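A.B. asks:
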Amino acid sequence: MTVPTLGTLSGRKLVTDLQSFGLQIGEETGGISRKGGAGPSDHKTITIAGQTIMVPVYTSGARHSPFQASKPNSSGASVLVKDGQALGTIHFPAAPRFYGLSTADGIPYWKIALLHGRDTLATTVHQTCIRYADRRTSCQFCAIGQSLEADRTIAYKTPAQLAEVAKAAVDLDGVRDMVLTTGTPNVIDRGAAVLAESARAIKAAVALPLQVQCEPPRDHTWFQRLRDAGADSLGMHLEAATQTVREKIMPGKATVSVDRYMDAFASAVPIFGRGQVNTYILAGLGDSAQDILSLAERLIALGVYPFVVPFVPISGTPLENHTPPSADFMKSVLAPLGQMLRAVNMKSTDIRAGCGRCGACSSLSAYEQ
Numbered sequence: 001m002t003v004p005t006l007g008t009l010s011g012r013k014l015v016t017d018l019q020s021f022g023l024q025i026g027e028e029t030g031g032i033s034r035k036g037g038a039g040p041s042d043h044k045t046i047t048i049a050g051q052t053i054m055v056p057v058y059t060s061g062a063r064h065s066p067f068q069a070s071k072p073n074s075s076g077a078s079v080l081v082k083d084g085q086a087l088g089t090i091h092f093p094a095a096p097r098f099y100g101l102s103t104a105d106g107i108p109y110w111k112i113a114l115l116h117g118r119d120t121l122a123t124t125v126h127q128t129c130i131r132y133a134d135r136r137t138s139c140q141f142c143a144i145g146q147s148l149e150a151d152r153t154i155a156y157k158t159p160a161q162l163a164e165v166a167k168a169a170v171d172l173d174g175v176r177d178m179v180l181t182t183g184t185p186n187v188i189d190r191g192a193a194v195l196a197e198s199a200r201a202i203k204a205a206v207a208l209p210l211q212v213q214c215e216p217p218r219d220h221t222w223f224q225r226l227r228d229a230g231a232d233s234l235g236m237h238l239e240a241a242t243q244t245v246r247e248k249i250m251p252g253k254a255t256v257s258v259d260r261y262m263d264a265f266a267s268a269v270p271i272f273g274r275g276q277v278n279t280y281i282l283a284g285l286g287d288s289a290q291d292i293l294s295l296a297e298r299l300i301a302l303g304v305y306p307f308v309v310p311f312v313p314i315s316g317t318p319l320e321n322h323t324p325p326s327a328d329f330m331k332s333v334l335a336p337l338g339q340m341l342r343a344v345n346m347k348s349t350d351i352r353a354g355c356g357r358c359g360a361c362s363s364l365s366a367y368e369q
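Numbering-wise, UniProt numbering puts 117 at position 117 of the sequence shown, and it's gapless, one number per residue.
(1) Which of the three DSSP states, helix, strand or coil, is assigned to Tyr261?
(2) Which parts of the segment 126-167 are runs of the alpha helix (DSSP H), unbroken and 4 residues or longer, counting only runs that do not cross its ends?
(3) Would you mind sorting His64 into buried or exposed? The rule is 16 or more other CB atoms within 10 Å of its CB.
(4) Report yes or no: do three or more beta-carbon pairs, one from the segment 241-252 and one from the segment 134-141, lie closer than 8 Å?
(5) Residues bridged to Thr124 by DSSP?
(6) Once you ignore the five residues that flank Asp173 on each side, which residues in its own chain have a CB closer than 8 Å to its CB?
(7) Quick one: Cα of Leu282 to Cα of His43, how far?
(8) Would you report the Cα separation of Arg12 and Leu341, rounded to the nearest angstrom?
(9) Mapping DSSP to helix, strand and coil, what is Gln68?
(10) For the alpha helix (DSSP H) containing Leu234, list its first residue and its last residue.
(11) Pop quiz: Ala113 and Leu162 are said to be a contact at Cβ under 8 Å. What is the actual Cβ separation, rounded to whole angstroms?
(12) So, Ala254 versus Asp291, is the Cβ gap smaller than 7 Å?
(13) Alpha helix (DSSP H) containing Tyr305: first to last residue?
(14) Select from Gly354, Ala335, Ser365 and Ser326 the residue whose C-alpha is nearest the C-alpha of Gln19.
(15) To the nearest angstrom, how far is the alpha carbon of Val55 from that of Ala343?
(16) Please report the residue range of the alpha helix (DSSP H) in which Pro336 lies.
(17) Can the beta-carbon of Ala360 be found less than 7 Å from the beta-carbon of Gly117?
(18) Near Ala264, what residues of its chain come up, given a Cβ to Cβ distance below 7 Å and the 5 sequence neighbours on each side ignored?
(19) Relative to the C-alpha of Phe21, which residue among Pro324, Ala207 and Thr181 is closest?
(20) In or out: Ala71 buried (at least 16 other Cβ within 10 Å) or exposed?
(21) Could you name the residues of the same chain whose beta carbon sits closer than 6 Å to that of Val175, not counting the 5 residues immediately before and after it, in chain order?
(22) Short check: CB of His91 to CB of Ala69, under 7 Å?
(23) Using the three-state DSSP reduction, which class does Lys253 fall into: helix, strand or coil?
(24) Go ahead and pull the three-state DSSP assignment for Gly88.
(25) Let me know the beta strand (DSSP E) ranges lying completely inside the segment 168-226, each 3 residues or longer, listed in chain order.
(26) Do Gly145 and Tyr156 have their C-beta atoms within less than 7 Å of each other?
(27) Could you tell me which of Ile271, Ser75 and Tyr261 sits nearest to Gly230, measuring between CA atoms?
(28) Give me the residue from Asn278, Val206 and Lys203 with the minimum Cα distance to Glu239.
(29) How would you write the range of the alpha helix (DSSP H) that Leu364 sits in, first residue to last?
(30) With a threshold of 16 other CB atoms inside 10 Å of the CB of Gly316, please say whether the residue is buried or exposed.
(31) Which residue wins for smallest C-alpha separation from Phe223, given the options Lys347, Ile202, Ser267 and Gln243?
(32) When you compare only the Cα positions, how much space is there between Glu197 and Asn73?
(33) Give the range of the beta strand (DSSP E) segment to which Lys82 is assigned.
(34) In its own chain, which residues sit with a C-beta less than 6 Å from the C-beta of Phe307, not counting the 5 before and 5 after it?
(35) Roughly how many whole angstroms lie between the Cα atoms of Ile351 and Gly26?
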């Protein structure tokens, strides 16, 4: 069988399509996967047309996807097939070397931090959240407790553990940045305190760009404290564009309104810099394309990078059967958003650390070009 070569433009379309439809894989497929947890989940990492991305594979939608991957060969190469037609070669990256190590007390490094995309290390410092246990307040898409229940992580990663794993990931696997997120532990600093403590320890051990992610703390002086602790960029994630959708999908988190986020962004950008404050927006939760683009316009004017990704329903959550956004819907958002970012020269490649720099969960960066 002759396998075509995937170019940049065809690759961009395929990335958008794959992240909407998902990918059918065999049980023998190796590589790096992510199930449960606080962030993008039920994914597997693949490299396509030179771009390393995360694609849904463990969702109900992926089981019916028109895209399939053949069994990878010894180097991780696989043929991507759609409706029986070979589209090109993709690769399943091997697990990083630091995954084979453990702490002195026997905790595997991969339970402390995971590789996302090509070269981003990510961890949830507190694998618990004050909102999670009560579905009247929890984010309906969140699975922060699943990986803990399945013994795939630990409840709290100490600063010393994070520093140890970060240094190993840099030394052994060339990791280029790290994301520190957290479940919300309280309604005062909303996780900023534990993130500052963690960032300080990591920066003392290794020169690694860091993004910290939390809800906006009540006291905005935390932004300078996080910067002083070593955070290079900041993520405060709205998740949805309109207050109506936020109240429906994340009733607890929505008590921190869009307007309060905007005030926090305005305080944080002068400290971290233009484009170094990001927000994660999940397309497909109920906002229209225009809702998302209107919010993105406001964010960009403030100097905030709007990282828009397709919503992926995670098994075991209230939204596990929610229909993800179509590829056409994603294109209707990402194409004009890419133009908006180009017009003001705000690029993912200029972000020092974090989800926007990694870009594995969205094809947005391809639309910036």
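Every residue gets a Cβ at the ideal spot worked out from N, C-alpha and C, and that includes glycine.
Just so it is clear, the structure is predicted and the values come from calculations on it, not from any experiment.
C.D. replies: Per the coordinate set shown:
(1) Residue 261 sits at position 261 when you count from the first residue of the sequence shown. Note: Tyr261 maps to helix in three-state DSSP.
(2) 146-149
(3) Your numbering for residue 64 matches position 64 in the sequence shown. By the neighbour-count rule (16 or more Cβ atoms within 10 Å), His64 is not buried but exposed.
(4) yes
(5) To locate residue 124, count along the sequence shown from 1; it is residue 124. Its beta-bridge partners are Thr181.
(6) For the purposes of this step, residue 173 is taken as the residue at position 173 of the sequence shown. Counting only Cβ-Cβ distances below 8 Å, and skipping sequence neighbours, we find Pro96, Arg97, Phe98, Leu115 and Asp119.
(7) Here residue 282 is taken as the residue at index 282 of the sequence shown, counted from 1. Here residue 43 is taken as the residue at index 43 of the sequence shown, counted from 1. Whole-angstrom Cα-Cα distance: 15 Å.
(8) As a first step, residue 12 must be located in the sequence shown, where it is residue number 12. As a first step, residue 341 must be located in the sequence shown, where it is residue number 341. Distance between the alpha carbons of Arg12 and Leu341 is about 17 Å.
(9) Position 68 of the sequence shown, counted from the first residue, corresponds to residue 68. Strand, per DSSP.
(10) Mapped onto the sequence shown, residue 234 falls at position 234. Counting along the chain, Leu234 falls outside any alpha helix (DSSP H), though it belongs to the beta strand (DSSP E) covering Ser233 to Gly235.
(11) Looking up residue 113 in the sequence shown gives position 113. Looking up residue 162 in the sequence shown gives position 162. Confirmed, Cβ separation roughly 7 Å.
(12) Position 254 of the sequence shown, counted from the start, is the residue given in the question as residue 254. Position 291 of the sequence shown, counted from the start, is the residue given in the question as residue 291. Cβ distance not < 7 Å, so Ala254 and Asp291 don't count as in contact.
(13) On the sequence shown, residue 305 is found 305 positions in, with the first residue counted as 1. No alpha helix (DSSP H) contains Tyr305, which is instead part of the beta strand (DSSP E) from Val304 to Pro310.
(14) In the sequence shown, the residue the question calls residue 19 occupies position 19. For Gln19, the nearest C-alpha among the options comes from Ser326.
(15) Taking the sequence shown and counting its residues from 1, the one referred to as residue 55 is at position 55. Taking the sequence shown and counting its residues from 1, the one referred to as residue 343 is at position 343. C-alpha separation (whole angstroms): 29 Å.
(16) As a position in the sequence shown, residue 336 is number 336, starting the count at 1. Here the alpha helix (DSSP H) through Pro336 covers Ala327 to Ala343.
(17) Numbered from 1 along the sequence shown, position 360 holds the residue referred to as residue 360. Numbered from 1 along the sequence shown, position 117 holds the residue referred to as residue 117. Contact: yes.
(18) Here residue 264 refers to the residue found at position 264 when the sequence shown is read from its first residue. Answer for Ala264: Pro216, His220 and Met236, listed in chain order.
(19) Working through the sequence shown from its first residue, we reach residue 21 at position 21. Ranking the options by Cα distance to Phe21, first place goes to Pro324.
(20) Looking up residue 71 in the sequence shown gives position 71. Correcting the residue type first, residue 71 is Lys in the shown sequence and not Ala. Flag for Lys71 reads exposed.
(21) Numbered from 1 along the sequence shown, position 175 holds the residue referred to as residue 175. These residues qualify, in order along the chain: Asp119, Leu121 and Ala169.
(22) For the purposes of this step, residue 91 is taken as the residue at position 91 of the sequence shown. For the purposes of this step, residue 69 is taken as the residue at position 69 of the sequence shown. Contact: no.
(23) One-based indexing of the sequence shown puts residue 253 at position 253. Reduced to three states, the DSSP call for Lys253 is helix.
(24) Position 88 of the sequence shown, counted from the first residue, corresponds to residue 88. Correct three-state label for Gly88: strand.
(25) 177-181 and 210-213
(26) Along the sequence shown, one-based indexing puts residue 145 at 145. Along the sequence shown, one-based indexing puts residue 156 at 156. No. Outside cutoff.
(27) The sequence position of residue 230 within the sequence shown is 230, counting from 1. Nearest C-alpha to Gly230: Ile271.
(28) Here the question's residue 239 lines up with position 239 in the sequence shown. Closest by alpha carbon: Asn278.
(29) Here residue 364 is taken as the residue at index 364 of the sequence shown, counted from 1. Run containing Leu364: Leu364 to Glu368, per the alpha helix (DSSP H) assignment.
(30) One-based indexing of the sequence shown puts residue 316 at position 316. That one is exposed.
(31) Along the sequence shown, one-based indexing puts residue 223 at 223. It is Ser267 whose Cα lies nearest to the Cα of Phe223.
(32) Here residue 197 corresponds to residue number 197 of the sequence shown, with the count starting at 1. Here residue 73 corresponds to residue number 73 of the sequence shown, with the count starting at 1. Going by the C-alpha atoms only, they are around 43 Å apart.
(33) Looking up residue 82 in the sequence shown gives position 82. Ala77 to Lys82 is the extent of the beta strand (DSSP E) around Lys82.
(34) Mapped onto the sequence shown, residue 307 falls at position 307. Contacts found: Asn278, Tyr280, Cys355 and Gly356.
(35) Position 351 of the sequence shown holds residue 351. Position 26 of the sequence shown holds residue 26. Roughly 36 Å separates the two Cα atoms.
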